[in-house]
Amino acid sequence: MSHHPTRPSDSYSPLYFLASLGAGGLAVTFFMWLMHWIPHPGKTVPVFEDITAAFSAGSTLTQGMIGVAMIGIAGFSFLNLKLLVWNLRRFSAWSKTEGFAKFSKTNAQSQVMAMPLALAMSVNVLFILGMVFVPGLWSVVEYLFPLALVAFIAIGVYAFKLYGGFLGRVLTEGGFNCAANNNFGQVLPAFAFAMVGVGLAAPAALSTVPALSGLGLVLSTFFLMTSGLIAVVAMILGLRSMMENGANPETAPTLSIIVPLLAVLGILSLRQSHGLGAHFGSEAMAGETLVMLTRFLSVQVLFLLFAGLILIRQGYAKRFVFGTETSPGSYALVCPGVGFAVLMHFFVNKGLVDAGLIVKFGAGYWALTAVALASQVAMIWLVLHLNRRHFGAPRSAIAVAAE
1 MSHHPTRPSD SYSPLYFLAS LGAGGLAVTF FMWLMHWIPH PGKTVPVFED
51 ITAAFSAGST LTQGMIGVAM IGIAGFSFLN LKLLVWNLRR FSAWSKTEGF
101 AKFSKTNAQS QVMAMPLALA MSVNVLFILG MVFVPGLWSV VEYLFPLALV
151 AFIAIGVYAF KLYGGFLGRV LTEGGFNCAA NNNFGQVLPA FAFAMVGVGL
201 AAPAALSTVP ALSGLGLVLS TFFLMTSGLI AVVAMILGLR SMMENGANPE
251 TAPTLSIIVP LLAVLGILSL RQSHGLGAHF GSEAMAGETL VMLTRFLSVQ
301 VLFLLFAGLI LIRQGYAKRF VFGTETSPGS YALVCPGVGF AVLMHFFVNK
351 GLVDAGLIVK FGAGYWALTA VALASQVAMI WLVLHLNRRH FGAPRSAIAV
401 AAE
């Protein structure tokens, strides 16, 4: 074996799909600016026409904000798709190796679920690119929803196939290492199913055709329940192992995976309640929405505190973010920061503002929004930093494999 320095990403892990996912999440955080800060009358989301109207009528500050948001969306969407293609090519080559065969007999086999997770995210990213950059898209959007449903169903079926391979092996042959399950890595499949669900919930919220909306509602509910069941079971198993063996220092970032999972399920629930109000006469009251978002945000904060406590006690950042060791699992740190930022925007705008508790664009509004923006900025820095570490110029670093 040659001893020239290699890049960490030269030894492949399916967790690198999280690098694509994180970039896609950052594109979403920039879309939140457009969604909540510019008017889009008669539509639940802003499209190209709303953005150009707001730009031409807006102040210098508004124009600057729109400019930054569009650059952010374009840049991180490009990174999302570039890393997705890189991963798909590397995964395809890696799946033919002996290393993959060994990997498929360990707990880590469920990490392949990062692929459908990243695929579903990229479909969402393509939708955002369409809304922001394609003129006239809204006039044909009803034709796009069936295509989106087909894409998400296909990803969902593939996700079930992959997860079935893992569960089938573990539950018929045994061999699941409970001692090595001292993390929340097994929650990753729940996150993948939730991402498919949130995609399926888009037609539920946005389509004007009741049948399409209803189909989106039913299908997204199926994936919501799938995700919830897996997450609860995986957390109990992981927690039990951590109580006995302590949390694995290298996979400790997985402890915060509940945060992005809740962001996705929160948006899924919002989309569903919007669709229910639009087509099925059960409009959610502003108070109900506020309470729902507060519940999701509360659990997010609890898990950020919980994961933060463990990561700090173990000195994770010293080793894997700034130190000599690298781990593809570090990318799992991006998702919670992004998930928290996105849900915070919804909490402020769809929760507090709609319930009349704070005034839109008032001092309180910006104080709370600043929390979301701080989280977003930190995650942009983290993504660029990790990409430099993992995909940058080769250097001698110790790559650690995640179980």
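For reference, each letter of the sequence shown is one residue, going 1 to 403 in the UniProt record's numbering.
Built from N, CA and C at the ideal position, the CB exists for glycine as well.
In this structure, the alpha-carbon of Gly323 lies about 23 Å from that of Ser20.
Note that the C-beta distance between Pro253 and Ser330 is below 8 Å. Under the three-state reduction of DSSP, Thr326 is assigned to strand. Residue nearest to Val233 within the set Ile258, Leu147, Val125 is Ile258 (criterion: CA-CA distance). Leu357 carries a coil assignment under DSSP once its states are collapsed to helix, strand and coil.
Secondary structure in the region 229 to 284: the alpha helix (DSSP H) runs of 4 residues or longer, each lying completely within the stretch, are 258 to 279 in chain order. Excluding the 5 residues flanking it on each side, His40 has same chain C-beta neighbours closer than 6 Å at Pro46, Asp50, in chain order. Using a C-beta cut-off of 8 Å, the region 277 to 285 makes no contact with the region 221 to 229, since fewer than three inter-stretch Cβ pairs fall below that distance.
Fully enclosed beta strand (DSSP E) runs of no fewer than 3 residues are not present anywhere in the region 147 to 187. Residues Phe184, Val187, Ile258 of the same chain have their beta carbon placed closer than 8 Å to that of Met235, with the five preceding and five following residues left out of the count. Around the beta carbon of Pro135, a 10 Å sphere encloses fewer than 16 other beta carbons of the protein chains shown; the residue is thus reported as exposed.
When C-beta atoms of the region 147 to 162 are compared with those of the region 86 to 99, fewer than three pairs fall below 8 Å, so the two segments do not count as touching. Using a 10 angstroms sphere on the CB of Arg295, the tally of other CB atoms stays under 16, which defines it as exposed. For Ile380, the three-state secondary structure derived from DSSP is helix. For Lys102, the enclosing alpha helix (DSSP H) has its first and last residue at 98 to 103.
With distances taken between CA atoms, Trp33 lies nearest to Ala370 out of Val383, Leu386, Ala370. Distances from the CA of Val338 to each of Tyr12, Val28, Thr6 were compared; the closest alpha carbon is that of Val28. For Asn107, same chain residues with a beta-carbon under 8 Å away, outside a window of 5 residues either side, are Phe176, Asn177, Ala180, Asn181, Gly185, Gln186, Glu403 in chain order. Between Thr6 and His274, the C-beta gap is not smaller than 8 Å, which leaves the two residues out of contact. Taken through DSSP and simplified to helix, strand or coil, His40 comes out as coil. In this model, Thr52 and Gly58 are separated by some 10 Å (Cα to Cα). The straight-line gap separating the alpha-carbon atoms of Leu290 and Leu147 is approximately 32 Å.
In this model, Trp366 and Leu268 are separated by some 25 Å (Cα to Cα).
Contact between Ala231 and Ile310 does not hold, since their C-beta atoms are separated by about 18 Å, which reaches or exceeds 8 Å. In the three-state reduction of the DSSP assignment, Arg90 falls in the helix class, which pools H, G and I.
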